[in-house]
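K.L.:
Protein chains in written order, with numbering that gives the first Met the number 0: chain A, 0 to 287; chain B, 0 to 222; chain C, 0 to 160.
Quick one: structure below, then a few questions.
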Amino acid sequence: MAIKLEISEEKEVYRSSYFPEYVRPKIYDPGLDETIKRLTPEKIEKAYQAVFGKETARIKAIVETCIHCGLCAEACQWYLSNDRDPTYAPVAKVKMTAWELMKRKGKVDAGLVYDIARIVFTECNICHRCSLYCPFGLDITFIIGLVRRFCFLLGVVPQRMFDQNQTFMATANQVWMSQSDYIDTLFWREEEGMYELKNLRIPMDKEGVEVVWFPLAAEPKTGPYHIDRIAKIFQVAGVDWTMVTMNDYWDSSNMPMFIRDFFTMQRIVKGLYENAARLRAKKLVLTE
Amino acid sequence: MGFLESVALYNFLRGPMVWITFIIFIVGSIYRIYTLINLAKKEKVVLPFINIKAAIKSWLHWLIPFASRNWRLKPYFTTFTFLFHTGIVFVPIFLYAHNALWYESWGISWWTLSETVADVWSIFVIIGCLFFIGRRIFDPTVRFVTSYSDFVFVFICLFTFLTGFLAHYQWILPYRAMLNLHIMFGEIMLIAIPLTRLTHMYYFFFTRAWMASQTAIWKIKDW
Amino acid sequence: MGYKEIPFEVMHPGEFYYELLVSGRLKIDPAKKIKEPVTLHDPCNVIRRAGAAEKFRYIVEQTCEDFREMYPNREHNFCCNAGGGLSSLVQWYSHEARGNRVKAEQIMATGAKIVIVPCHNCTTGIKSIINYYKLPVKTMFFDELLVNTMYIPEEMLPEEG
Ligand code: HEM
Ligand code: HEM
Ligand code: SF4
Ligand code: SF4
């Protein structure tokens with residue numbers, strides 16, 4: 000069924016000065032629009048060198064193999080949804096970001112960095128579909144990820160994404176939730192759930208269990224019903240399970256991955272795993 | 000015209016140039032493969048990651064027409080690309096005229112294609128090249144990502160086959176001139192393989208192996 | 000990521016529910032099965048990157064009577080368009096929804112009333128499509144699905160009052 004809808008909230012148009020084909024509605028995001036004002040050519044080049052400077056087999060193989068055939072285009076939902084706009088094709092995204100940077104050896108101005116950040120952060124979901132459609136199996140998402148890292152080093156990241164990363168750094172979860180709030184929420188859900196299931200329990204930090212369940216931070220915050228649903232299912236099935244409240248590492252969403260902040264990302268993964276190891280769990284169930 | 004037809008050029012192209020070509024082609028190819036593997040070794044995660052069984056399956060699926068999902072989604076493209084690639088790999092190896100040359104200089108020969116098969120196949124390759132050029136001009140998506148080098152690659156292939164074919168039938172230009180052109184383009188092509196993105200001939204196997212291993216870990220198929 | 004030998008399995012709840020259902024620890028009440036047509040969204044992270052497609056289908060087939068596939072499905076699914084961190088970018092929501100018309104078309108083509116989306120991130124994505132294109136469907140998680148359809152033994156139900 001074809002769906003056609005005419006809503007145009009954003010009337011203003013943004014035109015890239017590098018690629019005349021790249022025309023998009025103007026969307027204001029302080030994370031992109033403000034941060035690019037702080038960039039200097041030296042900073043950009045330094046970030047470029049940090050990410051692309053060292054020749055690595057994967058970058059080399061990907062960039063030197065791509066024969067520009069455009070077979071990956073039809074894999075991308077962005078491309079299909081935008082009436083086959085060439086600038087949404089996966090290979091076009093690589094062309095406008097990584098190739099352009101490599102061609103100019105990182106000597107680019109802030110305008111291009113804006114385009115690049117916009118492309119890699121808001122027009123690709125790292126969904127890997129295109130890799131299944133490229134005859135060479137080129138991992139386009141790997142390149143996009145590298146470019147994201149490049150933007151992150153420059154601080155040019157959509158505001159909300161950056162914000163969440165900061166939250167993670169500070170609280171190890173996505174939503175500024177403190178440990179006591181978290182525990183409170185679990186108790187509250189336990190109580191609520193008891194109206195529907197007798198003696199519902201939400202075990203916390205129990206050792207030697209079969210399953211540790213790590214929620215997503217949004218669950219205690221905005222969708223608390225998920226917690227008692229899970230508890231009910233586990234209780235009915237007779238699963239020996241627990242949730243973790245120790246050390247603040249209980250949020251499994253790991254947003255820092257999206258902007259390739261490797262340090263915070265490693266910290267989170269490590270925290271989660273160590274907690275699970277401490278409880279000698281057999282299985283780790285990350286939330287839906 | 001005189002120069003193109005000259006025996007001097009012919010002698011040069013058939014003499015030292017052939018040596019240069021083959022040395023660049025073989026040494027360059029080995030160098031390309033070697034450096035890639037070496038680099039991969041340095042990045043410790045790459046080599047242990049490769050899963051040969053998955054890689055072989057993936058190669059087969061992508062080297063057989065219509066065996067992968069994207070080949071099935073694009074029937075025209077698949078037909079042309081397979082005619083083109085099988086032609087460009089097998090015709091020069093099994094061509095009677097080329098075999099005769101090998102025999103003259105080295106005294107070796109092997110199974111050859113019959114004349115009609117070679118002719119028809121060459122025409123397919125030429126059509127394939129025209130199809131690629133057409134795509135690059137008329138398909139907006141492909142046009143956007145096309146650079147001049149892409150045209151150059153296709154034109155090199157096109158001219159090699161076109162001149163070989165025309166030389167055989169001695170059309171348009173005198174035989175010797177056409178043959179000189181043919182040999183020149185053939186040599187350019189062989190030199191270009193290790194030096195440009197035409198290395199995809201080798202890298203295909205590496206990049207696919209990588210993706211296949213990745214998807215094997217993800218427990219899905221990449222075709 | 001660097002953790003080669005972790006002493007435990009890491010899994011998605013869907014995979015765990017599958018184990019529960021297959022081993023019979025969790026039973027489905029046939030009377031409670033969902034009657035409305037449902038379809039299933041395949042989240043990239045668990046389907047394309049963990050190969051759980053068949054397990055998810057098993058769960059849905061156990062709990063729903065009228066299950067319709069989207070096309071293309073399994074590892075060839077289209078992304079929800081909220082992946083890669085887009086789910087949190089409020090400024091870009093309509094951009095995001097516009098970028099996924101194919102998914103809306105896919106959902107509509109199945110004629111389903113409920114889209115089962117076993118992923119929080121994808122739910123954000125699918126919901127923004129639903130809102131933007133005004134699709135007559137709603138999303139549902141596996142936990143909701145199971146809580147509504149599972150067989151609860153008498154003695155576990157709370158007493159009246
Ligand atoms: C080292 C370089 C090469 C030399 C010395 C050479 C030489 C020749 C000669 C002598 C002929 C025969 C013309 C005739 O039948 O009278 C020929 C034909 C041909 N060659 Fe080459 N060639 C070379 C490289 C290549 C390459 C690299 C390709 C393709 C990839 C190629 C494709 C062909 C084709 C398609 C024909 C014509 C077949 C036909 O329709 O009969 N050649 N070549
Ligand atoms: C075993 C060897 C080879 C493999 C597996 C291979 C594979 C591929 C693949 C997968 C593509 C992508 C798109 C398409 O299918 O057209 C491609 C494109 C291409 N290949 Fe090859 N190739 C090989 C050898 C060669 C050789 C020897 C040449 C010529 C010297 C060549 C020239 C080209 C060209 C010009 C294209 C671009 C087509 C376009 O314009 O879209 N290939 N190759
Ligand atoms: S990984 Fe990015 S470019 Fe590739 S199909 Fe998904 S959204 Fe498109
Ligand atoms: S399908 Fe692969 S080789 Fe072709 S343009 Fe896309 S990334 Fe490059």
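Don't be surprised by glycine CBs; every beta carbon is placed ideally from N, CA and C.
If you're wondering where the values come from, they're calculated on a predicted model, not measured in any experiment.
1. My understanding is that residue 50 (chain C) touches residue 117 (chain C), with C-beta atoms under 8 Å, so please give their C-beta distance in whole angstroms.
2. Looking at the C-beta of residue 240 (chain A), does it have a partner C-beta in chain C at a distance below 7 Å?
3. Between the stretch 129-142 of chain C and chain A, which residues of the former have a C-beta closer than 7 Å to a C-beta of the latter?
4. Leaving aside the five residues before and after residue 6 (chain A) along the sequence, list all residues of the same chain whose C-beta is less than 8 Å from its C-beta, in chain order.
5. Is any heavy atom of ligand 4 found at a distance shorter than 6 Å from the C-beta of residue 127 (chain A)?
6. From A:60, A:69, A:44, pick the residue whose C-alpha is nearest to that of residue 108 (chain A); which is it?
7. Residue 288 (chain A) lies in the alpha helix (DSSP H); which residues open and close that run?
8. By the three-class DSSP mapping on this structure, what secondary structure does residue 138 (chain C) have?
9. Determine the direct distance from the alpha carbon of residue 147 (chain B) to that of residue 182 (chain B), and round the result to whole angstroms.
10. If the criterion is Cβ atoms closer than 7 Å, does the pair residue 188 (chain B) and residue 159 (chain B) meet it?
11. Mind checking residue 47 (chain A): buried by the 16 CB within 10 Å criterion, or exposed?
12. Please give the ranges of any alpha helix (DSSP H) in the stretch 145-207 of chain B, keeping only runs that are unbroken, at least 4 residues long and fully inside the region.
13. Using a threshold of 6 Å, is the CB atom of residue 123 (chain A) nearer than that to any non-hydrogen atom of ligand 3?
14. At a Cβ cut of 7 Å, what residues of the stretch 100-127 of chain B count as close to chain A, listed as they run along the chain?
15. Using 8 Å for Cβ pairs, my map puts residue 90 (chain A) next to residue 65 (chain A). What's the rounded Cβ distance?
16. Nearest to residue 84 (chain C) by CA position, among A:284, A:192, A:160, is which residue?
17. Along the chain, which unbroken stretches of the alpha helix (DSSP H) at least 4 residues long are found entirely within the stretch 55-93 of chain A?
18. Report yes if the C-beta of residue 90 (chain A) is less than 6 Å from at least one heavy atom of ligand 4; otherwise report no.
19. Return the Cβ separation of residue 25 (chain A) and residue 41 (chain A) in integer angstroms, given the expectation that the two are a contact with Cβ distance under 8 Å.
20. Smallest Cα separation from residue 131 (chain B): which of B:179, B:209, B:101, B:78?
21. Please state whether the Cβ-Cβ distance between residue 21 (chain C) and residue 231 (chain A) is less than 7 Å.
22. Answer yes or no: do residue 155 (chain A) and residue 31 (chain A) have a C-beta to C-beta separation smaller than 7 Å?
23. Return the residues of the stretch 105-137 of chain A that lie within a Cβ-Cβ distance of less than 9 Å from chain B, sorted by chain order.
24. Who are the neighbours of residue 75 (chain C) on chain A, taking C-beta pairs under 8 Å?
25. By how many angstroms is the C-alpha of residue 71 (chain B) removed from the C-alpha of residue 207 (chain A)?
26. Starting from residue 13 (chain A), trace the beta strand (DSSP E) both ways and give me its first and last residue.
27. With 16 as the cutoff for other CB atoms within 10 Å, does residue 23 (chain C) come out buried or exposed?
28. Compute every distance between the C-beta of residue 65 (chain A) and the non-hydrogen atoms of ligand 4, then say whether any falls below 6 Å.
29. Find the residues of chain B that neighbour residue 55 (chain A), judging by a C-beta separation of less than 7 Å, and give them in chain order.
30. If contacts are defined as beta-carbon pairs under 8 Å, then residue 59 (chain A) and residue 38 (chain B) qualify, I think. What distance do you get, rounded to the angstrom?
31. If I follow the unbroken alpha helix (DSSP H) through residue 123 (chain A), where does it start and stop?
32. How about the stretch 203-221 of chain B and the stretch 26-35 of chain C: do they share at least three Cβ pairs that are nearer than 8 Å?
33. Express the C-alpha separation of residue 196 (chain B) and residue 143 (chain B) in angstroms, rounding to a whole number.
34. With a CB to CB cut of under 7 Å and the five nearest residues on each side skipped, what residues in its chain are close to residue 18 (chain C)?
35. Are residue 82 (chain B) and residue 127 (chain B) close, meaning C-beta to C-beta below 7 Å?
36. From what residue to what residue does the beta strand (DSSP E) around residue 210 (chain A) run?
P.N.:
Looking at the coordinates:
1. Counting from 1 along the third sequence, the entry for residue 50 (chain C) is found at position 51. Counting from 1 along the third sequence, the entry for residue 117 (chain C) is found at position 118. So it is not a contact: roughly 14 Å between Cβ atoms.
2. In the first sequence, the residue the question calls residue 240 (chain A) occupies position 241. Not a single C-beta of chain C is nearer than 7 Å to the C-beta of residue 240 (chain A).
3. So the close ones are 132, 140, 141, 142.
4. In the first sequence, residue 6 (chain A) corresponds to position 7, counting from 1. Any reading at residue 6 (chain A) is ruled out, since the residue's pLDDT is 48, under 50, leaving its predicted position unreliable.
5. The residue labelled residue 127 (chain A) in the question sits at position 128 within the first sequence. The beta carbon of residue 127 (chain A) sits no closer than 6 Å to any heavy atom of ligand 4.
6. Locating residue 108 (chain A) in the first sequence gives position 109, counting from the first residue. Nearest option by C-alpha distance: A:44.
7. For residue 288 (chain A) there is no data in the structure shown, the boundaries of chain A being 0 and 287.
8. Along the third sequence, read from residue 1 onward, the residue named residue 138 (chain C) stands at position 139. Correct three-state label for residue 138 (chain C): strand.
9. For the purposes of this step, residue 182 (chain B) is taken as residue 183 along the second sequence, with counting starting at 1. For the purposes of this step, residue 147 (chain B) is taken as residue 148 along the second sequence, with counting starting at 1. Straight-line Cα distance between these residues: approximately 23 Å.
10. As a working mapping, residue 188 (chain B) is identified with position 189 in the second sequence. As a working mapping, residue 159 (chain B) is identified with position 160 in the second sequence. Contact flag set, yes.
11. Counting from 1 along the first sequence, the entry for residue 47 (chain A) is found at position 48. Its Cβ being crowded by 16 or more others within 10 Å, residue 47 (chain A) is buried.
12. Here the runs fully enclosed are 147-168, 174-194.
13. Position 124 of the first sequence, counted from the start, is the residue given in the question as residue 123 (chain A). True, at least one ligand heavy atom lies under 6 Å from that Cβ.
14. Residues passing the 7 Å Cβ filter: none.
15. As a working note, residue 90 (chain A) is residue 91 in the first sequence. As a working note, residue 65 (chain A) is residue 66 in the first sequence. That belief holds up - the Cβ atoms of residue 90 (chain A) and residue 65 (chain A) are roughly 7 Å apart, short of 8 Å.
16. Position 85 of the third sequence holds residue 84 (chain C). Of the residues A:284, A:192, A:160, the one whose Cα lies closest to the Cα of residue 84 (chain C) is A:160.
17. If we require 4 residues or more, the alpha helix (DSSP H) runs fully inside the stretch 55-93 of chain A come out as 56-64, 76-80, 89-93.
18. Translated into the one-based positions of the first sequence, residue 90 (chain A) becomes position 91. Residue side-chain check: residue 90 (chain A) places its Cβ nearer than 6 Å to a non-hydrogen atom of ligand 4.
19. Counting from 1 along the first sequence, the entry for residue 25 (chain A) is found at position 26. Counting from 1 along the first sequence, the entry for residue 41 (chain A) is found at position 42. That pair is no contact at about 29 Å.
20. Locating residue 131 (chain B) in the second sequence gives position 132, counting from the first residue. Distances from the CA of residue 131 (chain B) to each of B:179, B:209, B:101, B:78 were compared; the closest alpha carbon is that of B:78.
21. Counted from its first residue, the third sequence places residue 21 (chain C) at position 22. Counted from its first residue, the first sequence places residue 231 (chain A) at position 232. Cβ atoms of residue 21 (chain C) and residue 231 (chain A): not closer than 7 Å.
22. Here the question's residue 155 (chain A) lines up with position 156 in the first sequence. Here the question's residue 31 (chain A) lines up with position 32 in the first sequence. Less than 7 Å divides the Cβ of residue 155 (chain A) from the Cβ of residue 31 (chain A).
23. Of all residues in the stretch 105-137 of chain A, only 127, 130, 131, 132, 133, 134, 135, 136, 137 come within less than 9 Å of chain B when Cβ atoms are compared, listed by chain position.
24. By 1-based counting over the third sequence, the position of residue 75 (chain C) is 76. Going along chain A in sequence order, the residues near residue 75 (chain C) (Cβ under 8 Å) are 128, 131.
25. Along the first sequence, read from residue 1 onward, the residue named residue 207 (chain A) stands at position 208. Along the second sequence, read from residue 1 onward, the residue named residue 71 (chain B) stands at position 72. Each residue's alpha carbon lies about 51 Å from the other.
26. Residue 13 (chain A) sits at position 14 when you count from the first residue of the first sequence. Start and end: 12-14.
27. Counted from its first residue, the third sequence places residue 23 (chain C) at position 24. Flag for residue 23 (chain C) reads exposed.
28. Within the first sequence, the letter at position 66 stands for residue 65 (chain A). At least one heavy atom of ligand 4 falls within 6 Å of the beta-carbon of residue 65 (chain A).
29. The residue given as residue 55 (chain A) occupies position 56 in the first sequence. Listed along chain B are 38, 42, each with a C-beta nearer than 7 Å to that of residue 55 (chain A).
30. Indexing the first sequence from 1 puts residue 59 (chain A) at position 60. Indexing the second sequence from 1 puts residue 38 (chain B) at position 39. Correct: roughly 6 Å between the Cβ atoms.
31. Position 124 of the first sequence, counted from the first residue, corresponds to residue 123 (chain A). From DSSP, residue 123 (chain A) is part of no alpha helix (DSSP H); its letter is neither H nor E.
32. Taking 8 Å as the limit for Cβ pairs, the verdict is that the stretch 26-35 of chain C does not touch the stretch 203-221 of chain B.
33. Position 144 of the second sequence, counted from the first residue, corresponds to residue 143 (chain B). Position 197 of the second sequence, counted from the first residue, corresponds to residue 196 (chain B). Cα-Cα distance, rounded: 18 Å.
34. In the third sequence, residue 18 (chain C) corresponds to position 19, counting from 1. Closer than 7 Å at the Cβ level, and outside the excluded window around residue 18 (chain C), lies no residue.
35. For the purposes of this step, residue 82 (chain B) is taken as the residue at position 83 of the second sequence. For the purposes of this step, residue 127 (chain B) is taken as the residue at position 128 of the second sequence. Yes; because the gap between Cβ atoms is below 7 Å, this pair is in contact.
36. As a first step, residue 210 (chain A) must be located in the first sequence, where it is residue number 211. Boundaries of the beta strand (DSSP E) around residue 210 (chain A): 210-213.
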